[in-house]
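Engineer: The structure is given below, and queries will be raised subsequently.
Residue numbers (my numbering): 911 to 1883.
Structure, rendered in structure tokens:
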């Protein structure tokens, strides 16, 4: 066989492999390392496998060490102190050929065979992972194989394809073993980007290995722990490299207001220090009453919280909660500390005012009067902030309120009347007048030291308040001029129904800004999500794959399952030179939980973590802290309170999104920015005046400001089992429409900022949602509970490409899995592997080759939802379903024993053209219903008996799709 030798001038194994890809000519490329010896039947095995399995894009075989008896005996040790993996590679899965998957044993590149069509789909080997010079790392091949599998390639293990690895005795010495273990662990850890910080167990592991090595008196034991210690140090080094790379990718130029905020914080600290220096030892006289009063107020609040204890989240079995008793005590102590800080700050304001007035009047400073001033300051501060939030953002209070909601209505009306406003202004004017008089008196007396201390303290106090709450509109920085890939701005809102956007049949015009955007965009009114739950829907959107392909079927996902087995759009765009960023509020934690591949995700921590819910604390503590922590200060020190579920955050998220647009504009790189809002998510709270926009002003029920009794995500889940009579449906729909209008207003702000930055002419704008909402159209409410109606599964989709300014209303059925391949093609990037198709032909005024089938499945029913047929397959409720498999992480997941039952019990549907077939599994048999959506868009008339041929054809197609689900037990439906 003729051989050709090529010299690659750039050092590094990955560069050589990539050059080999470019130079190779055959349809099949086989890898043979320089220290491998192929078996005599190697080529025959490669050819036979390629012919027998045309569906496979990758093949691997055995790698066996070339032992000759000269190796040391310990390499064959199978006891507790064996060295594994050895520096001599071995890959042997037995004598049976089979298909391998990403979640099982995956080979490296030593005995790998690749079809040529797999190479462009997967991309080149990562040059930062491969060995270079004396670097003994080498995870570039493992990374490449994993990427190929995530891109949709299939991998076959063929035991008849054998290579033998040369045994170099120099590699069996202790020094080499340790260096190899270090470099290999470092390289493998570079592939695992789950940890934003070094996990605590790493320190424990290092200490354990070091101590075991130090006190090992047996040679085999000492060698084992030395190698383990080196490997652990390699893991630590890999984690550090990942953190440095992540920080580098996330680094963006600060905006002027961010520099001003930093300068203001420093100025406040300096002013406080100056005031303390000027006052001297007398500072302690004023501090002690503040400390004591704040401690007393905190103790009372903690006692009240414990008496009326309420933990955020679902009801959890006692054996699980017992594991977290110490953690609960720590969380309460942490919240109590920050409550004390808030009380102390408020009390300090009262004592400061008292001290200035006493000094101006020539009255001696008294500790009892100072304590009274501290109490007055705390009371006034809480009352003022409560009134401010009740007026501007009552949903924030409702989220932690455990009293009669009608009280809030009366109080807000009192605050809003002319008398209430006049009293507030009069009180503020009185305080300001007293302080001005006091400062003038100090100046008139020539008490310059006291005056300087008072001015410094007042300035620092006012500056601290300003720093915490200041959120100015970001400056629109002009974009760096460039050519090439377009930017992509994705704007999503959780639970946005399709019939609220550009639907002429809906009586209210809720979205004028989106309508203006649609004047130069392609609008897809019949877009379906595959599962109307946030996590599976977002993953399908950004991967272009069905849930049973990416493996996430609902929101309760823990552990290794958050590492997605499919290739994500942000990863592909990053490879093409994009900066990829996600930003969201409390509904978008999944964008950081799962491996989407964003360079930077400004999102909250996982809200399905029991530890996260415990850290939010009981409602009384949470209410106080939420009043003062819904700002820059709270986001820094108490993010779980800042990101509390159900609290409107559209204003703040809009500002952060515009800040990111300005910062990304200056990089000169194309970007993907995904902004995902909770604006339209239950409990449908919004900032004033939006919650009043469509509501009846005379309504006096419990859902005045938000849907009643929905104070956290699990309240939302629990109430999905209640009947329509339990809801003030008219008021709730009015609140929802106000949320839609609020989201549209924010879309308008973002688009105007995009234009002001000079980005509008080179930015694709996508408007989307993860799912819609059922308002009892089919006897149930919520999202993902019913496949009968379209109100959960159908979402608005709008793609505005400035290079295609024509307005198009594309009425064909499309799927959210079509978005990723569409955006990749519009961005000029190859993106093979998704199960969706590009919608570019429709955007260009053409058509697709045929009608697309839209599939959808319901989510997990947390309770017995109304509207299901008698005899429907069921499973236990949330209390029995949930478990915490990893106590350290605390993530709530579904018990493995119920996994198959939950998947089997899902309702499913297919829509093709005008027809929609709904499948519902029963304890005995199934229920099929057919609807003609052109004649019956509400899905009220079952035509399955009249249209038997259509029913049979759609059922066959739906069944074929269901049979590709590896988690679903196959058999008769």
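All C-beta atoms, glycine included, are put in the ideal place defined by N, C-alpha and C. For clarity, every value in this text was computed on a predicted model and none was experimentally measured.
(1) So, residue 1374 versus residue 1255, is the Cβ gap smaller than 9 Å?
(2) Return helix, strand or coil for residue 1592, following the three-state DSSP convention.
(3) Report the three-state DSSP secondary structure of residue 1219 (helix, strand or coil).
(4) Can you look up residue 1474 in the DSSP assignment and give me helix, strand or coil?
(5) Looking at the C-beta of residue 935, does it have a partner C-beta in chain B at a distance below 9 Å?
(6) Helix, strand or coil: which one does DSSP assign to residue 954?
(7) Cβ of residue 1057 within 9 Å of Cβ of residue 1033?
(8) In whole angstroms, what separates the C-alpha of residue 1218 from that of residue 1638?
(9) Please name the residue, chosen from 1775, 1205, 1698, 1486, that lies closest to residue 1851 on a Cα-to-Cα basis.
(10) Taking residue 1693 as the reference, give the member of 1079, 1768, 1715 with the closest Cα.
(11) Just to confirm before moving on: does the CB-CB distance between residue 1649 and residue 1386 stay below 9 Å?
(12) Among the residues of its own chain, which have a CB less than 8 Å from the CB of residue 1214, if the five just before and after it don't count?
(13) State the CB to CB distance for the pair residue 1877 and residue 1815, rounded to an integer number of angstroms; the pair is presumed to be in contact (CB under 8 Å).
(14) Verify whether the separation of the beta carbon atoms of residue 1497 and residue 1588 is less than 9 Å.
(15) In terms of alpha-carbon separation, which member of 1500, 1830, 1540 lies closest to residue 1696?
(16) Look at the alpha carbon of residue 1129 and the alpha carbon of residue 1114, and state the distance between them as a whole number of angstroms.
(17) My understanding is that residue 1452 touches residue 1730, with C-beta atoms under 8 Å, so please give their C-beta distance in whole angstroms.
(18) Rounded to a whole number of angstroms, what is the C-alpha to C-alpha distance between residue 1165 and residue 1570?
(19) Between the Cα of residue 1281 and the Cα atoms of 927, 1310, 1198, which residue gives the shortest distance?
(20) By how many angstroms is the C-alpha of residue 1802 removed from the C-alpha of residue 1792?
(21) Would you mind reading off the limits of the beta strand (DSSP E) that contains residue 1114?
(22) Taking the C-alpha atoms as reference points, what is the distance between residue 1479 and residue 1688?
(23) Determine the contact status of residue 1680 and residue 1641, defining contact as a CB-CB distance below 9 Å.
(24) Quick one: is residue 1138 buried, meaning 16 or more other Cβ sit within 10 Å of its Cβ, or exposed?
(25) Go ahead and pull the three-state DSSP assignment for residue 1826.
(26) Taking residue 1069 as part of the beta strand (DSSP E), name the residues at either end of that continuous run.
(27) Under three-state DSSP, which class holds residue 931?
(28) State the start and end residues of the unbroken beta strand (DSSP E) segment that holds residue 1433.
(29) Please work out which residues of its chain come closer than 8 Å, Cβ to Cβ, to residue 1671, disregarding the five sequence neighbours upstream and downstream, and give them in chain order.
(30) Measuring alpha carbon to alpha carbon, tell me which of 953, 1510, 923 ends up nearest residue 1019.
(31) With DSSP as the reference, identify every bridge partner of residue 1842, one or two as the case may be.
(32) State whether the region 1357 to 1371 contacts the region 1260 to 1272, with contact taken as three or more CB pairs (one from each stretch) at a distance under 8 Å.
(33) Please report the straight-line C-alpha distance between residue 1369 and residue 1284, rounded to a whole angstrom.
(34) Short of 8 Å in beta carbon distance, which residues of its chain neighbour residue 1647, apart from the five on each side in sequence? Order them along the chain.
(35) With a 10 Å radius around its C-beta and 16 neighbouring C-beta atoms as the bar for buried, classify residue 1507 as buried or exposed.
(36) Alpha carbon to alpha carbon, what distance is there between residue 1861 and residue 1595?
Structural biologist: If we stick to the structure as given:
(1) yes
(2) coil
(3) coil
(4) coil
(5) Absent from the structure: chain B. Only one protein chain is present.
(6) helix
(7) yes
(8) 27 Å
(9) 1698
(10) 1768
(11) no
(12) 1530
(13) Actually they are not in contact, since the Cβ atoms of residue 1877 and residue 1815 sit about 12 Å apart, beyond 8 Å.
(14) yes
(15) 1830
(16) 23 Å
(17) 6 Å
(18) 9 Å
(19) 1198
(20) 6 Å
(21) Where residue 1114 is concerned, there is no enclosing beta strand (DSSP E), although the alpha helix (DSSP H) it sits in stretches over 1110 to 1124.
(22) 35 Å
(23) no
(24) buried
(25) strand
(26) 1065 to 1075
(27) helix
(28) 1432 to 1438
(29) 1712
(30) 923
(31) 1825
(32) yes
(33) 19 Å
(34) 1410, 1418, 1420, 1603, 1604
(35) buried
(36) 42 Å
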